[in-house]
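Report on the following structure.
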Amino acid sequence: MSNRAIFELSLSTLPEFSNPSVLGLWTEVAGTDAGLEPREVSFDLSNPESTILSEIPCWRVRLPENLSAAEIGLNEGSQVLQLSRKAVPEASSRLAKFMQSGGRLQVGEPELELARLVGDPSILSGEQSFGLGDLLKPRWEQVTQQFQGVVSQVCDLISGQSLIETRMGESRIGYSLLTRSGRLSTIWQSSLELAQVELHRRNLALTLQSRETLFWTFGVAVRGAIPLAQFFMMPGGPLLALPAACRFIWQVQSEYRERHKSNTFTI
Numbered sequence: 006m007s008n009r010a011i012f013e014l015s016l017s018t019l020p021e022f023s024n025p026s027v028l029g030l031w032t033e034v035a036g037t038d039a040g041l042e043p044r045e046v047s048f049d050l051s052n053p054e055s056t057i058l059s060e061i062p063c064w065r066v067r068l069p070e071n072l073s074a075a076e077i078g079l080n081e082g083s084q085v086l087q088l089s090r091k092a093v094p095e096a097s098s099r100l101a102k103f104m105q106s107g108g109r110l111q112v113g114e115p116e117l118e119l120a121r122l123v124g125d126p127s128i129l130s131g132e133q134s135f136g137l138g139d140l141l142k143p144r145w146e147q148v149t150q151q152f153q154g155v156v157s158q159v160c161d162l163i164s165g166q167s168l169i170e171t172r173m174g175e176s177r178i179g180y181s182l183l184t185r186s187g188r189l190s191t192i193w194q195s196s197l198e199l200a201q202v203e204l205h206r207r208n209l210a211l212t213l214q215s216r217e218t219l220f221w222t223f224g225v226a227v228r229g230a231i232p233l234a235q236f237f238m239m240p241g242g243p244l245l246a247l248p249a250a251c252r253f254i255w256q257v258q259s260e261y262r263e264r265h266k267s268n269t270f271t272i
């Protein structure tokens with residue numbers, strides 16, 4: 006059994022994934038899927054870069070069996086990712102303006118919630134203590150728990166290796182191992198059509214750009230957390246400011262996607 010992270014994008018059963026937690030696109034699922042490891046395929050584990058496959062984070066895309074529907078699904082997934090990427094500079098700018106205004110510039114729900122968080126004089130629910138864990142108020146507990154999940158995801162990515170899987174219906178059409186040095190090894194299902202090969206290649210591009218965007222988003226949050234903690238003299242300093250900054254950026258991304266999706270998903 007494996008406890009590794011599995012990020013799943015299901016374009017064949019979208020209603021089951023109505024609340025994606027990563028970039029508005031991917032849902033983290035339990036990493037105990039015994040069916041994930043294909044017994045009939047194996048990568049060259051004699052390579053010194055290789056490790057046990059069950060320990061490597063996996064990015065899996067599930068596509069409908071219908072080729073046209075699969076292509077449309079990947080198009081929509083790519084559009085969602087682009088919206089999340091375009092929202093990052095806006096989030097960075099809005100966070101800077103929020104701090105410049107001393108927390109008084111509250112143009113949207115992300116600013117309103119951040120103002121409540123950083124302006125709460127009783128962030129700690131008990132006497133001041135260095136042991137913050139048991140003293141965080143419920144609102145902060147929710148923020149920090151969400152943040153801890155993303156930190157775990159980022160740490161998985163820092164490992165430098167990823168499995169990237171594409172499925173059409175119940176069939177695995179492509180299965181790739183990305184190593185720390187950037188080497189990509191792929192095993193293909195036999196007798197694939199060229200269009201099916203292209204689907205996996207598009208999934209590779211989508212996954213790699215998703216990883217890059219996740220790093221970028223986290224980096225913007227780190228850069229914003231230090232001045233945020235200093236300006237508002239937050240108890241716990243960056244320890245609490247970083248989760249708050251991350252949540253702010255995620256909210257701006259969600260708001261941006263909602264604002265632009267009607268213009269994006271047009272036929």
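Numbering of the sequence shown is given in the numbering used here, commencing with residue 6 and proceeding in unit increments. Virtual Cβ for every residue (Gly too), placed ideally from N, Cα, C. Source: prediction; values computed, not measured.
Pro-248 is classed as buried because its beta carbon has at least 16 other beta carbons within 10 Å across all chains shown. Per the C-alpha coordinates, the member of Leu-100, Leu-14 and Arg-90 positioned closest to Pro-69 is Leu-14. Listed as beta-bridge partners of Met-173 by DSSP are Leu-68 and Ser-176. Judged by DSSP in its simplified three-state form, Val-27 adopts strand.
Nearest to Arg-216 by C-alpha distance, out of Leu-58, Glu-60 and Arg-65, is Arg-65.
Residue burial is scored here from C-beta neighbours: Met-239 has at least 16 other C-beta atoms within 10 angstroms and is therefore classed as buried. Between Ala-120 and Gln-258, the beta carbon gap of about 19 Å keeps them out of contact (Cβ cut-off 8 Å). Distances from the alpha-carbon of Leu-100 to those of Phe-236, Pro-62 and Arg-262 put Phe-236 closest. In this structure, Ser-181 places its C-beta atom within 8 Å of the C-beta atom of Ser-190. Beyond the five residues adjoining it in sequence on each side, Gly-107 comes within less than 8 Å, by CB distance, of Phe-236 in the same chain, given in chain order. Closest in alpha carbon position to Phe-103, among Trp-255, Arg-264, Ala-250 and His-265, is Ala-250.
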